[in-house]
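Engineer:
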Amino acid sequence: MAKAKPAKTAKKPAKSKGKKKPALWRRLLRWTGMTIVGVCVFLLLFVGMFRFVNPPINYYQAAEWVRHGEFRRDWVPLERMSRHLPLSAAAAEDAKFCDHYGFDFDAIQEALEGGARRGASTISQQVSKNVFLWQGRSWVRKGLEAGFTVLIEGLWGKRRIMEVYLNVAEFDTGVFGVEAAAQHYFGMAAADLGPQRSSALMAVLPNPKDRSASQPTAGLQRRARSIAAGARTLEAEGRAACFRFG
1 MAKAKPAKTA KKPAKSKGKK KPALWRRLLR WTGMTIVGVC VFLLLFVGMF
51 RFVNPPINYY QAAEWVRHGE FRRDWVPLER MSRHLPLSAA AAEDAKFCDH
101 YGFDFDAIQE ALEGGARRGA STISQQVSKN VFLWQGRSWV RKGLEAGFTV
151 LIEGLWGKRR IMEVYLNVAE FDTGVFGVEA AAQHYFGMAA ADLGPQRSSA
201 LMAVLPNPKD RSASQPTAGL QRRARSIAAG ARTLEAEGRA ACFRFG
């Protein structure tokens, strides 16, 4: 009788040599994705917090405090300011404030065509720079400014952006915000400023160290009158509804 041949032992499949590399890449991609999500969540919470919490002293203010030994800022809510102040601020710095979502692309185009001799920053962009960043003209800072502008437009709303702007803008050396500026120039509270003094205060922007609201030059007086007229127009045309109160 013929002997039965022993059954062949099935060979174990050879281990794939390329398994570890895809697993490593998958872990790396997962870690990268989680890091990006974590950073986004942190930024949303961090920026969103300042819708309800007033921003602390910023980098520029601290530097000016150290340089000049003086720092004045008295935070005041928008509803406790003269209504002429936000109107004058919009007329002076950003007449399309209620119409855009953080960027005035027409002004940007005009600035580019004019060789960047004209400013194109909106109030929202200025708040982003003043609260979260530093002074300067680098592309890195401008890129970060754009990102923060999108965040505050989405998380804060126009009224809060205007309120923060009026409380952090510089009006003289070491003088920040409309309350400190009103006391500094006119010896009165921001709530008591009329249209003329409100427009005179905004006329010192964007060069407050070279201009005075209480001792204006003839040129500054003309600018203040132009701002006052612009503020009346904004109000009459209903283009201030996004930050008006009362």
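Residue numbers (the UniProt record's numbering): 1 to 246.
Idealized CB from N, CA, C, for every residue including glycine.
In this text the structure is predicted, and so the values were computed from the model without any measurement.
1. How is Phe105 classed by DSSP in three states: helix, strand or coil?
2. Under 7 angstroms from any heavy atom of the ligand ATP, does the C-beta of Leu151 make it?
3. Go through the region 48-101 residue by residue and report every complete run of the alpha helix (DSSP H) that reaches 4 residues or more, in order.
4. Straight-line CA distance for Ile227 to Ala213?
5. By how many angstroms is the C-alpha of Val150 removed from the C-alpha of Arg143?
6. If we ignore side chains and look at the alpha-carbon of each, how far apart do Glu70 and Ala62 end up?
7. Mind listing, in chain order, the continuous beta strand (DSSP E) runs of no fewer than 3 residues lying wholly within the region 170-231?
8. Between Ala107 and Met202, which are expected to be in contact by the criterion C-beta below 8 angstroms, what is the C-beta distance as a whole number of angstroms?
9. Go through its chain and collect everything with a Cβ distance to Gly238's Cβ below 6 angstroms, but skip five positions before and after it.
10. Between the C-alpha atoms of Ala231 and Thr173, what's the straight-line distance to the nearest angstrom?
11. Closer than 8 angstroms is the cut-off here; do at least three beta carbon pairs connect the region 26-35 with the region 120-137?
12. Go through its chain and collect everything with a Cβ distance to Val175's Cβ below 7 angstroms, but skip five positions before and after it.
13. Below 6 angstroms CB to CB, which residues in the same chain sit around Pro55 once its five sequence neighbours on both sides are set aside?
14. State yes or no: is the C-beta of Leu87 within less than 8 angstroms of the C-beta of Glu235?
15. According to DSSP, is Phe243 part of a helix, a strand, or is it coil?
16. Over the uninterrupted alpha helix (DSSP H) stretch that includes Ser121, give me the two end residues.
17. Indicate the three-state DSSP secondary structure (helix, strand or coil) for Trp25 in the structure shown.
18. Once the 5 residues before and after His68 are set aside, which same chain residues still bring their CB inside 6 angstroms of it?
19. Taking C-alpha atoms, which residue in Ala169, Gly33, Leu45 lies nearest to Glu64?
20. Using beta-carbon positions only, say whether Tyr101 and Glu153 come within less than 8 angstroms of one another.
21. Here's the rule I'm using: 16 or more other beta-carbon atoms within 10 Å means buried, otherwise exposed. How should Gln77 be labelled?
22. If you follow the alpha helix (DSSP H) that Leu166 is in, where does it begin and where does it stop?
23. Within a Cβ cutoff of 6 angstroms, which residues of the same chain sit near Phe148, ignoring the five residues on either side of it in sequence?
Structural biologist: In short, the structure shows the following:
1. Helix.
2. You won't find the ligand ATP in this model; it holds no ligand whatsoever.
3. Here the runs fully enclosed are 59-68, 84-93.
4. In this structure, the CA atom of Ile227 is about 13 angstroms from the CA atom of Ala213.
5. Here residue 143 is Gly; the residue named in the question, Arg, does not match the sequence. Rounded to whole angstroms, Gly143 to Val150 spans 11 angstroms at the Cα level.
6. Roughly 10 angstroms between the two C-alpha positions.
7. Runs found: 170-172.
8. Their Cβ separation, rounded to whole angstroms, is 17 angstroms, which puts Ala107 and Met202 out of contact at 8 angstroms.
9. Closer than 6 angstroms at the Cβ level, and outside the excluded window around Gly238, lies no residue.
10. CA-to-CA, the gap between Ala231 and Thr173 works out to about 26 angstroms.
11. Contact annotation: the region 26-35 does not touch the region 120-137, with fewer than three C-beta pairs closer than 8 angstroms.
12. Annotation for Val175: Arg72, Ala181, His184 place their beta carbon closer than 7 angstroms to its own, counting only its chain and skipping 5 residues before and after.
13. Its chain contains Val131 as the residues whose beta carbon lies nearer than 6 angstroms to that of Pro55, once the 5 sequence neighbours on both sides are disregarded; these appear in chain order.
14. Using a Cβ distance threshold of 8 angstroms, Leu87 and Glu235 count as a contacting pair.
15. Correct three-state label for Phe243: coil.
16. Per DSSP, Ser121 belongs to no alpha helix (DSSP H) and is neither H nor E.
17. Residue state for Trp25 is assigned as helix, using DSSP reduced to three classes.
18. Close CB contacts of His68 within its chain, under the 6 angstroms cut and outside five residues either way in sequence, are with Thr173, Gly174 (chain order).
19. The option with the nearest alpha carbon to Glu64 is Ala169.
20. The answer is yes: Cβ separation under 8 angstroms.
21. Reading the sequence as shown, one finds Pro at residue 77 and not Gln. Flag for Pro77 reads exposed.
22. In the DSSP assignment, Leu166 falls within the unbroken alpha helix (DSSP H) covering 158-168.
23. Correct list, in chain order: Ser128, Phe132.
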